[in-house]
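As structure tokens, the structure follows; a few thoughts come after it.
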Amino acid sequence: SAAGGADIQCQRPCPHMLPLRLGLAKLARRQRNFRLARRLLDRCVPGAAAAAAPVPLRWAIERAAYEQVLLLHAEGDVRGACDALWEQARAAIRVGAGDQASGGLGLTRAKVLLKFASWLPSEGRMLAPGTASQVSRWARAAREESGSASGADEPANERHGTAAATLEQLREACLGAAVACCPRNATVKLRWANWCHQAAFSAGTSAPASAVRVAAAASFDYLALAAADRSVDATIVVPLRLLRLLVRHGSEELGEEFLREFGEQLARSP
557 SAAGGADIQC QRPCPHMLPL RLGLAKLARR QRNFRLARRL LDRCVPGAAA AAAPVPLRWA
617 IERAAYEQVL LLHAEGDVRG ACDALWEQAR AAIRVGAGDQ ASGGLGLTRA KVLLKFASWL
677 PSEGRMLAPG TASQVSRWAR AAREESGSAS GADEPANERH GTAAATLEQL REACLGAAVA
737 CCPRNATVKL RWANWCHQAA FSAGTSAPAS AVRVAAAASF DYLALAAADR SVDATIVVPL
797 RLLRLLVRHG SEELGEEFLR EFGEQLARSP
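Position in the sequence shown counted from 1, then plus 556, gives you the numbering used here.
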């Protein structure tokens, strides 16, 4: 309509229109109407600075920037998308849990971190030449911003100095920061629990007890959140993984105290 066209052309962002514009931009991107998607995103928050904006507008600015990244990726600019997404992910790692009270902003930052973590195995390797050094710089920056995200002493695989270890350290920092940004979201917690489980099992029976405990705690946290959120269907995979942890690691090397703790958590789980 004429009114809608005038609103798109408006140079001053109207906060009540931003969710609609962002939703339309997302729909246009998924329909591969990239020109319309970019036009909508360019008009969302022109000239606004995220740090100085009020929280509702800051959410829109960060969400629009995230949509810009997804649009770059859809258009085929994989390297540009990865580089831009890293800048957003690094900022989210730095902020961490600072904006937990604003749920929309925390969820947007968690989505950025989850997306970056999911791109690492494939798109990260597509940044050649210089992929290994770039990922190493990213991982070093992530450690400087957040420290150890999981609370474990070392990554479970302990393959220091390898590209695979660096990728896992970076993924750990992103997923741990996503939980900090959005601690009550079952989907975010499930992604963290999946990584913890994979990290614990990648070392086989030699996994340190701390990694096994983190994996078990993350899994129980997810089950509790899924039970509280009726819109989430808890996956059967998580209880099966807990059973696998018990079968593989519930042995003498972990001690009776661990087995008691595991049993108590199982009894409290929904």
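Idealized CB from N, CA, C, for every residue including glycine.
These numbers were taken from a predicted model, which means no experiment stands behind them.
**Item:** Nearest-angstrom Cβ-Cβ length linking Leu801 and Ala771, presumed shorter than 8 Å
**Value:** For the purposes of this step, residue 801 is taken as the residue at position 245 of the sequence shown. For the purposes of this step, residue 771 is taken as the residue at position 215 of the sequence shown. About 6 Å separates the two Cβ atoms, so the contact holds.
**Message:** Measuring only the C-alpha atoms, how far is Ala666 from Asp633?
**Reply:** Here residue 666 is taken as the residue at index 110 of the sequence shown, counted from 1. Here residue 633 is taken as the residue at index 77 of the sequence shown, counted from 1. Each residue's CA atom was taken as its position, placing Ala666 and Asp633 some 23 Å apart.
**Request:** Specify, as a first and last residue, the run of the alpha helix (DSSP H) that Asn750 falls within.
**Result:** Here residue 750 refers to the residue found at position 194 when the sequence shown is read from its first residue. For Asn750, the uninterrupted alpha helix (DSSP H) segment begins and ends at 742-758.
**Request:** Quick one: using the 10 Å Cβ neighbour count with 16 as the cut-off for buried, is Gln644 buried or exposed?
**Result:** Position 88 of the sequence shown, counted from the first residue, corresponds to residue 644. Label assigned to Gln644: buried.
**Request:** Out of Arg747, Ala755, Leu627, point me to the one whose CA is closest to Ala587's CA.
**Result:** Your numbering for residue 587 matches position 31 in the sequence shown. Reading off the sequence, residue 587 comes out as Gln, not Ala. With distances taken between Cα atoms, Gln587 lies closest to Leu627.
**Asked** What did DSSP end up calling Thr791 once you bin it into helix, strand or coil?
**Response** Start at 1 with the first residue of the sequence shown, and residue 791 comes out as number 235. Three-state DSSP puts Thr791 in coil, outside helix and strand.
**Per-residue DSSP class, three states only, for Pro575** = Reading the sequence shown from its first residue, position 19 is the one you call residue 575. Note: Pro575 maps to helix in three-state DSSP.
**Asked** If you draw a straight line from the alpha carbon of Leu669 to that of Leu815, how long is it in whole angstroms?
**Response** Numbered from 1 along the sequence shown, position 113 holds the residue referred to as residue 669. Numbered from 1 along the sequence shown, position 259 holds the residue referred to as residue 815. C-alpha separation (whole angstroms): 33 Å.
**Asked** Out of curiosity, what's the CA-to-CA distance linking Arg594 and Leu580?
**Response** Locating residue 594 in the sequence shown gives position 38, counting from the first residue. Locating residue 580 in the sequence shown gives position 24, counting from the first residue. Roughly 11 Å between the two C-alpha positions.
**Request:** Look up Ala684 in the DSSP assignment and say whether it is helix, strand or coil.
**Result:** Counted from its first residue, the sequence shown places residue 684 at position 128. Any reading at Ala684 needs caution, since the residue's pLDDT is 46, under 50, leaving its predicted position unreliable; the model's value is listed next. The answer is coil: DSSP assigns Ala684 none of H, G, I, E or B.
**Request:** Within the same chain, show all residues whose beta-carbon is closer than 7 Å to that of Arg715, passing over the 5 residues directly before and after it, in chain order.
**Result:** Working through the sequence shown from its first residue, we reach residue 715 at position 159. Note that Arg715 scores 42 on pLDDT, short of 50, meaning its location in the model is unreliable and no value can be drawn from it.
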